[in-house]
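Here's the structure we're looking at; comments come further down.
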Amino acid sequence: MAKSLKPRLVLLLMILAGFIYPTFSPVSSAASVDKLSASTLQLGVNLHPLQPPEAPTGQIPKQVNLLPNMGASIVRIDLKWAWIEPFGPGSNNWNPDPIDRLNTFLNAMSGNNIEIVATVDSTPCWASTLPKKDCNPNTINYPPANLQDYTNFLSELVKRYKTKIKYWEIWNEPNLPDFWATPDPEGYTALLKAAYSAVKAADPSAIVIGGALAPRNDPIDTLTYLDRMYSAGAKGYFDKLSYHPYTDGNTPTWYDKLWPMMSYSSSVPAIRQHMQNFNDSVPIWLTEIGWTTVPPSQCSDCWTPVLPKTEDEQAAYMVEAINIAKTWNYVETFIWYKLIDTISPFNPSKISYEHYFGLFRKDYTAKPAVVQFRMLATTPPVSNNPVYKNILSDFYNVWKQSDLAIANGQSNKSWLWGPDAFATKTEDYKEATGGKRQVQYFDKARMEINNPDGDKSSAYFVTNGLLPKELIGGYIQTGDSTNQPKAPAEVNVAGDPDGSITYAKLAGVVTLEQGKNTASDRTGQKVTASIDRTGNVSDGAALAGVTLAQFIPETGHNLPNVFVNYFKTLPQDWLFVMGYPISEPYQTEITLAGKSTQVLIQVFERRVLTYTSSNADPFKVEQGNVGRHYSQWRYGN
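Under my numbering, the first residue of the sequence shown is numbered 91, with each subsequent residue one higher.
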């Protein structure tokens with residue numbers, strides 16, 4: 091099958107057949123360089139309050155109440171012209187049922203400071219270019235025969251709701267036959283220009299969004315469609331350009347030269363470049379994007395095996411897509427499709443990919459993506475600095491205390507965390523909010539937030555994972571007292587990939603349970619113990635300049651003076667960073683850059699420390715890459 095964007099089902103196009111509204115009662119009564127500066131990306135979701143299978147009347151307030159808690163700052167809804175004005179022109183012909191549902195939604199939204207984008211499309215049969223006027227629910231994708239009919243309707247909507255709806259999107263995906271029977275960029279541009287003038291006349295402060303283009307490779311590819319819009323005079327007739335960068339289930343960074351518009355990370359910059367070709371620098375809004383979690387074995391209309399995603403994959407792809415969008419200074423808004431899973435209104439037993447894009451399941455339980463969405467919405471990356479562009483702000487507040495100066499070239503010492511977060515994930519943790527917590531992996535450790543509603547001023551709002559214990563003990567911690575077994579990590583603790591003892595081989599000398607593998611207080615003594623790559627311990631020559639300086643009774647281990655002195659230089663409490671020691675310090679041989687090197691190594695609950703006497707002073711004590719090692723062990727390369 092040729093790969094192209096599969097038209098997403100538009101629920102309830104059969105409205106005119108009377109499925110939702112069984113009776114209709116007329117109502118009586120510039121330059122090629124972007125000028126935008128970096129800004130915080132606003133995150134939102136799509137919601138369908140006029141579609142009963144998506145939002146049963148009594149559930150509309152319940153759905154709205156989900157939005158503030160998850161950090162959404164904008165919501166996109168669809169206002170179908172064909173549903174509201176089905177019988178003829180004029181507000182006296184408006185159908186009260188969808189209007190009542192719209193009013194219910196707007197009343198529920200009142201006071202929550204969330205903006206609304208209303209997409210106005212779908213032509214009623216009486217106003218359409220349908221050739222034979224054989225009206226049926228599948229013909230509302232024909233454009234209007236008379237633009238004035240559309241603009242009159244739109245103008246009345248804006249006048250009526252201008253205090254509640256600020257953003258007006260002109261049509262949905264007009265470059266797809268499902269929404270514009272025969273895609274026609276010149277025809278859409280004429281509609282857009284007329285609509286822009288009508289909206290601004292009704293409400294000069296309103297914002298008009300144009301485009302709403304879907305990724306498409308044929309018969310008119312999206313970029314050609316956009317070029318033709320500009321050639322027809324579209325510039326200046328929209329305040330934002332919207333685009334829907336779906337990927338047919340592929341990763342955000344997937345790319346295939348045969349299907350370039352299916353690549354999220356490439357198609358959005360391509361859209362921008364074509365805008366710049368016409369000297370247009372208005373912002374881009376991504377008003378639809380998502381990944382479906384439809385059960386693959388049950389999906390009735392999945393045209394590619396990569397389309398369905400697990401809920402964890404959906405969350406991971408969403409995080410990656412949002413973080414990429416935050417690096418595009420010309421993208422202002424990212425609106426996920428959609429809030430809640432649904433069912434087919436006509437065949438409840440049918441399992442469609444369309445019904446599983448939700449952040450919440452049909453029973454309103456949260457998928458893993460909800461936790462991620464909330465964290466990303468409330469803790470945006472702190473900057474577009476390429477050195478540390480991925481760190482979320484709550485984690486950044488911890489990271490910056492030690493590593494910001496290093497990243498900015500103002501300090502010459504070893505990293506405490508690493509130059510940037512290399513992975514952002516949602517992981518199971520029983521005691522965390524919703525049973526999920528957001529984490530970020532750094533070279534040296536993992537940061538975690540178990541309770542996003544906790545006291546951010548607390549030193550332990552952000553915590554630091556006990557990764558060495560899991561790597562050595564052979565388990566993944568899934569709660570305070572629950573874990574998932576996994577083989578101990580045959581990953582080298584330090585040096586080259588094959589350059590040292592592995593975590594698994596350290597099991598015989600670390601304290602994973604209270605009272606096991608402990609030592610006596612040897613304060614003031616020399617460090618003479620050595621460990622080889624098989625885990626065998628022997629006694630040998632003392633390490634010059636190193637003595638045991640402090641005994642830690644909580645775990646029964648001694649700290650050498652070189653580490654105690656290092657702790658005094660840390661900007662944070664050393665127990666927060668390191669945890670208690672769970673081994674004695676051992677001399678060992680590692681391979682570093684292909685050369686044999688003697689180091690002192692000690693395992694802590696949260697980190698592994700090394701001391702290399704031959705290094706320059708700022709780098710004698712270094713953190714092991716436990717975060718990298720753990721990620722490799724748990725998730726693979």
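Cβ atoms here follow ideal geometry from the backbone N, Cα and C, with glycine treated the same way.
Please read all numbers here as calculations on a predicted model, not as lab measurements.
query	result
heavy atom of the ligand NAP below 6 Å from residue 582 C-beta	Looking at this structure, you won't find the ligand NAP or any other ligand, since it has none at all.
Own chain residues within Cβ distance below 6 Å of residue 506, not counting five before or after	492 and 493
Touch test, the stretch 274-285 against the stretch 398-406, Cβ-Cβ under 8 Å, three pairs minimum	no
Cutoff 6 Å; reference residue 229; Cβ partners in own chain excluding five residues on either side	220
4 or more residues per run - each alpha helix (DSSP H) lying fully within the stretch 322-381	354-367
Cβ-Cβ separation, residue 580 to residue 555 (assumed contact under 8 Å), whole Å	Contact flag wrong, Cβ pair sits at about 20 Å.
Of the listed residues 518, 246, 445 and 170, nearest to residue 386 (C-alpha basis)	445
Separation of residue 552 from residue 285, as counted between CA atoms	49 Å
Sub-7 Å separation of residue 375 and residue 439 beta-carbons	no
Enclosing alpha helix (DSSP H) for residue 136 [first to last residue]	From DSSP, residue 136 is part of no alpha helix (DSSP H) but of the beta strand (DSSP E) over 132-136.
Alpha carbon of residue 410 to alpha carbon of residue 342, nearest angstrom	7 Å
Validate contact between the stretch 705-725 and the stretch 632-649 using beta carbons, cut 8 Å, 3 pairs	no
Residue closest to residue 235, alpha-carbon to alpha-carbon, out of 253, 420, 214 and 670	214
Burial state of residue 120 (16 or more Cβ within 10 Å)	Bear in mind that a pLDDT of 32 at residue 120, under 50, signals an unreliable position, so the number given afterwards is only what the model happens to contain. Exposed, since its Cβ has fewer than 16 Cβ neighbours within 10 Å.
6 Å Cβ shell around residue 694 - same chain, five flanking residues per side excluded	668, 669 and 671
Given 8 Å, three or more beta-carbon pairs between the stretch 313-321 and the stretch 358-369	yes
Nearest candidate by alpha-carbon position, reference residue 576, set 561, 299, 586 and 531	561
Span of the alpha helix (DSSP H) around residue 156	150-159
Coil, strand or helix - residue 220 by DSSP	coil
Per-residue burial, residue 677 [other beta carbons within 10 Å of its own, 16 or more giving buried]	buried
Length of the line joining the Cα atoms of residue 353 and residue 307	11 Å
Residue 419 to residue 371 span [Cα, whole Å]	11 Å
Limits of the beta strand (DSSP E) - the one that residue 728 falls within	With the chain covering only 91 through 727, there is no way to say anything about residue 728.
Residue 404 classed as buried or exposed, judged by whether at least 16 other C-beta atoms fall within 10 angstroms	buried
Three-way DSSP call (helix, strand, coil) for residue 633 in this model	coil
Cβ contact (3+ pairs, closer than 8 Å) linking the stretch 138-157 and the stretch 177-186	no
Within 7 Å, strictly: CB atoms of residue 373 and residue 330	yes
Residues near residue 255 by beta carbon distance below 7 Å, same chain, minus five either side	206 and 208
The beta strand (DSSP E) enclosing residue 235, as first and last residue numbers	Neither: residue 235 is in no beta strand (DSSP E) and is coded neither H nor E.
Cβ separation of residue 528 and residue 462, assumed to be a contact under 8 Å, to the nearest whole Å	6 Å
Cβ neighbour criterion (16 or more within 10 Å) applied to residue 428	buried
Residue(s) in a DSSP beta bridge with residue 515	529
Exposed unless 16 or more other CB atoms sit within 10 angstroms - verdict on residue 645	buried
Outcome for residue 627 when other beta-carbon atoms lying within 10 angstroms are tallied against a minimum of 16	exposed
C-beta atoms of residue 173 and residue 158 nearer than 7 Å	no
The stretch 653-661 touching the stretch 584-596, judged by at least three CB pairs closer than 8 Å	no
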